[in-house]
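Sequence order for the protein chains is A and B. Reading the first sequence from the start, the letters are residues 2 to 368 in the numbering used here. Reading the second sequence from the start, the letters are residues 1171 to 1590 in the numbering used here. Quick reminder that beta carbons are idealized off the backbone N, C-alpha and C, glycines included. The model shown is predicted, which means the values in this text are computed figures rather than measured ones.
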Amino acid sequence: MLQANDPFVSFKGVQKSYDGETLVVKNLNLDIASGEFLTMLGPSGSGKTTCLMMLAGFETATHGDIELGGRPINNIPPHKRGIGMVFQNYALFPHMTVGENLAFPLNVRKMPKAEVEDKVRAVLDMVQMLNFIDRKPAQLSGGQQQRIALARALVFNPELVLMDEPLGALDKQLREHMQYEIKHIHENLGVTVVYVTHDQSEALTMSNRIAVFDDGIIQQLADPVTLYEKPENAFVAQFIGENNQMLGTVQSVSKNIATVMLDSGDIVKALAVNIGAVGSRTTLSVRPERCIVSTKKSAAVSTLDARIEELIYLGDHIRCRMDVAGDDQFIVKVPNTSGQLGLEIGASLQIGWKNDDCRALDFKQPV
Amino acid sequence: MVDSQTVQLEPITAADGTPLKKKLAQALFRSRVRAVSLVLPLFAFVMASFVIPIIALMWQGVYNDTFSSYTPNLTEKLKVWDGMSQPDEAMYAALVVDLETARADRTIGRIATRVNQEYPGTRSLFTSTARKAKKLKAPFKDSVIKTNKKWDNIEVWRAMKITSQDLTPAFYATALDGRYTANQGFVSQDENRQIYVQLFWRTMMISGTVMGLCLLLGYPVAYLLATLPLRTSNLLMIMVLLPFWTSLLVRTTAWIALLQSQGVINDLLVYVGITADDARFSLIYNMTGTIVAMTHILLPFMILPLYSVMKTIPPSYMRAARSLGATPTKAFIKVYMPQTIPGIGAGGLLVFILAIGYYITPALVGGQDGQLISNMIAYHMQKSLNWSLAAALGGILLAGVLLLYWAYDRVIGIDNMKLG
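Now the structure itself:
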């Protein structure tokens, strides 16, 4: 029997290879709690979709176990797993009406006709598409098809729903709207959702936890706030939100604060998160909105000389591209407050940050 | 509102004052001329080599003026004859005059052949009487009957009355195992002379069987082609297309080598012990041979449309069906198969229509009961030289094909068809 604290879905040492030469998924260990909204986020080719397909049963794990509700499901075919799935291109059956599409999972379960009818209507009502019951999928817009695909994945009351970049084909506005809608459906129904996307803002908006994938490995698994505020490595810092990265060498570490000499020769302080011994290389990461711009050097924070290269006025803030420590792509977001310093192109300033806002991470050569 | 309507009444003009429509037509003229000139050679070729011959031949099916043009006097008399009363002296006189001229002009053979088509066994009656026509004296009725008693038979005269009509349904009646008679209209042919209707049915049946076999054999291959990785499917595709690169005759004769009683397959069956040496299967020169060879030859025409349809069905449909709880079989039947119907329809129609017109293969491997209607058409074109009957048979076949298209359009919709 499943205990309250036991994970609902569990990947245990899962590996996957397609060609027998390279691993697409390398040693995946992941527990997903019941009722959780977990997002697998990563660039294309990072192995996230492969993980989803293994969970759905369309790909077999080369090594390791996948458990669902405490049972290993490696040898259970997809149609017996009872997992709802929403596909990227919706995969609504084109020869069936909306109603027939929704009735399909119920009919294959040999549910009585009256009950099928009730359930189909109820789920259509939930996605506000009751008027479209007799339409063919081709007669619906992308957003409407998306809702039907969602309804079809939910109509047979699965405990787990998988979504493979379901909003990828929609325009920006509709995508944002659907994000909230999926989030609300998840909250109301209490189903477990595993969501795959490469869009970090989508992941941040919807998820309880996010697993950031790269190169077949989960780089970091955390809630959205932690992921943004405390990235564990240079890839996550780069992938989630915007950040400025500087390369340097660790000179000394004391009380979690590392002193780093940048490649330009400047010496700065940063929070030691993921660095090696003294003398090792490191990547410093600082968010554009955490940079402090001033006209004079300060003793309290690390400061560097900067020169404004470009200014972009964005209303609520001003985006400055600066030349800092030999990098002319250094971005700083300056809040649009009344006490603005006279920002102008070519002006020389000092930028700095609190020690905690600059994270010393693993060394990664920027591309 | 009122303003805009008054403006609408004025024709819109281009900047130089000419009406916009005229200007547009001028601007498009060059591209239209180019489009037409690109299509024109093919259009002319198709008209000259396909459309016009078909129309001309179809016309022969209902129009034949051989008799009336060579026997002008008799035709005139036959026109006014009621077909019931005994032929009178004037008609016999006209007959003698026309036979005499026909013999001199050497057209008697054509006349005799034409009447013989209508009333078999009268050919020699005409040729022999024509030889004696010069010596015949009045009263012609008696002297003509004296040369051959058949001239007293009113059926001969009725046959001549029918053949004297240029525009006649007689060939279509024959093609449908009937006869068009002067006194009774349409009657059905004697039982032992009925061949065409049965042949039409056999053609339909064999074509249907070939279509069914092609679908049965081609569907899994097309599915493999559409789902296998590109490298493997390319190799398979070459194997599917290989027959296209081999001559039709070579393929057909290859089947003769395989299927004949001393052939590879029978030898193998005897060797394995399935059949005795003196009881070999007759696999060729019968319906079996026709069906086997035609199925092989027409298979690509089924596979290619099926493949092109299956290629467009994303694998996510099957996955979706499985994730929704359908077993692989159920997902295939309920989700995959319905989406291949346009391909099944196109392939089926293509194979069926090619099959009902098939000629060389049944002629080579069909033997007696493997012949199709097209072999009979060829016989009438080449051997019996009854082009009108050939045209009538062809017309019926064409009507059948058009009917099939119509039915297909009603059931599946012609715009649903995908050929590649």
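| Query | Result |
| --- | --- |
| Own chain, CB closer than 6 Å to Pro73 (chain A), minus 5 neighbours either side, in chain order | Asp66 |
| Chain A contacts made by the segment 1465-1487 of chain B, where a contact means CB separation under 7 Å | Pro1484, Ser1486, Tyr1487 |
| Proximal residues of chain B, C-beta to C-beta of Ala57 (chain A) below 7 Å | Ser1493 |
| Contact with chain B by Leu3 (chain A), beta-carbon distance below 8 Å | Reliability fails at Leu3 (chain A), whose pLDDT of 47 lies under 50, so the model's placement of it is uncertain and the value that follows must be treated cautiously. So no, Leu3 (chain A) is outside the interface. |
| Boundaries of the alpha helix (DSSP H) in which Met1409 (chain B) is found, first to last residue | 1400-1411 |
| Limits of the alpha helix (DSSP H) - the one that Ser1238 (chain B) falls within | 1236-1240 |
| Environment of Tyr196 (chain A) [buried if 16+ CB atoms lie within 10 Å] | buried |
| Presumed contact (8 Å Cβ cut-off) between Ile1150 (chain B) and Leu1574 (chain B), rounded CB distance | This structure gives no information on residue 1150 (chain B), because the portion of chain B shown stretches from 1171 to 1590. |
| Proximity to Val110 (chain A) [Cα-Cα], best of B:Ser1493, B:Leu1519, B:Ile1467, B:Asp1539 | Reading off the sequence shown, one finds Arg at residue 110 (chain A), where the question assumed Val. Selected option, being the one with the closest Cα: B:Ser1493. |
| Contact under 8 Å by Cβ, Leu53 (chain A) with Asp165 (chain A) | yes |
| Cβ-heavy atom distance, Tyr1289 (chain B) to the ligand HEM, below 7 Å | Of ligands this structure carries none, so the ligand HEM is not represented either. |
| Any 3 or more C-beta pairs closer than 8 Å across the segment 1249-1256 of chain B and the segment 1223-1237 of chain B | no |
| 8 Å Cβ cutoff, Ile33 (chain A) in contact with chain B | no |
| Helix, strand or coil at Met1330 (chain B) according to DSSP, with G and I counted as helix | helix |
| Contact the segment 1214-1221 of chain B vs the segment 1272-1292 of chain B: 3+ CB pairs below 8 Å | no |
| is_contact[Arg110 (chain A), chain B] using C-beta, thresh 8 Å | yes |
| Per-residue contacts from Arg1489 (chain B) into chain A (C-beta, under 8 Å) | Ala57, Phe59, Pro79, Met86, Phe88, Ala92 |
| Partners in chain A for Val1505 (chain B), counting only beta-carbon separations shorter than 7 Å | Phe94 |
| Listed by chain order, chain B residues near Phe157 (chain A) by CB distance under 9 Å | Leu1494, Gly1495 |
| Beta-carbon contacts of Phe105 (chain A) that lie in its chain and below 8 Å, excluding the five residues immediately before and after | Phe94, Met97, Arg153 |
| First through last residue of the beta strand (DSSP E) which encompasses Arg360 (chain A) | 359-362 |
| Within 8 Å, strictly: CB atoms of Phe38 (chain A) and Val194 (chain A) | yes |
| Contact set between Pro1645 (chain B) and chain A, taken where Cβ atoms lie within less than 7 Å | Residue 1645 (chain B) lies beyond the stretch modelled for chain B, which goes from 1171 to 1590, so this question has no answer here. |
| Start and end residues, alpha helix (DSSP H) containing Leu272 (chain A) | No alpha helix (DSSP H) holds Leu272 (chain A); the beta strand (DSSP E) holding it covers 268-273. |
| Residue burial classification, Ser1174 (chain B) (beta-carbon count within 10 angstroms, cutoff 16) | Here Ser1174 (chain B) scores only 48 on pLDDT, less than 50, and its place in the model should not be relied on; the value that follows carries that caveat. Ser1174 (chain B) comes out exposed. |
| Nearest-angstrom Cβ-Cβ length linking Ile1461 (chain B) and Ile1376 (chain B), presumed shorter than 8 Å | 6 Å |
| Per-residue contacts from Lys1192 (chain B) into chain A (C-beta, under 8 Å) | Neighbours of Lys1192 (chain B) on chain A: none; closest Cβ ~41 Å, over 8 Å. |
| Asn189 (chain A) - DSSP class collapsed to helix/strand/coil | helix |
| Helix, strand or coil at Phe38 (chain A) according to DSSP, with G and I counted as helix | strand |
| Check whether Tyr19 (chain A) and Val26 (chain A) have beta carbons under 8 Å apart | no |
| Any chain B beta carbon closer than 8 Å to Arg153 (chain A) | yes |
| Environment of Ser202 (chain A) [buried if 16+ CB atoms lie within 10 Å] | exposed |
| Within 8 Å, strictly: CB atoms of Val379 (chain A) and Val269 (chain A) | Only positions 2 to 368 of chain A appear in this structure, which leaves residue 379 (chain A) out of reach. |
| Gly1527 (chain B) at chain A interface by Cβ criterion, 8 Å | no |
| Simplified DSSP state of Leu1371 (chain B), which is helix, strand or coil | Here residue 1371 (chain B) is Trp; the residue named in the question, Leu, does not match the sequence. Trp1371 (chain B) falls in the helix class under three-state DSSP. |
| Residues that Phe9 (chain A) contacts on chain B, provided the C-beta gap is smaller than 7 Å | Within 7 Å Cβ-Cβ: nothing; Phe9 (chain A) doesn't reach chain B, min ~18 Å. |
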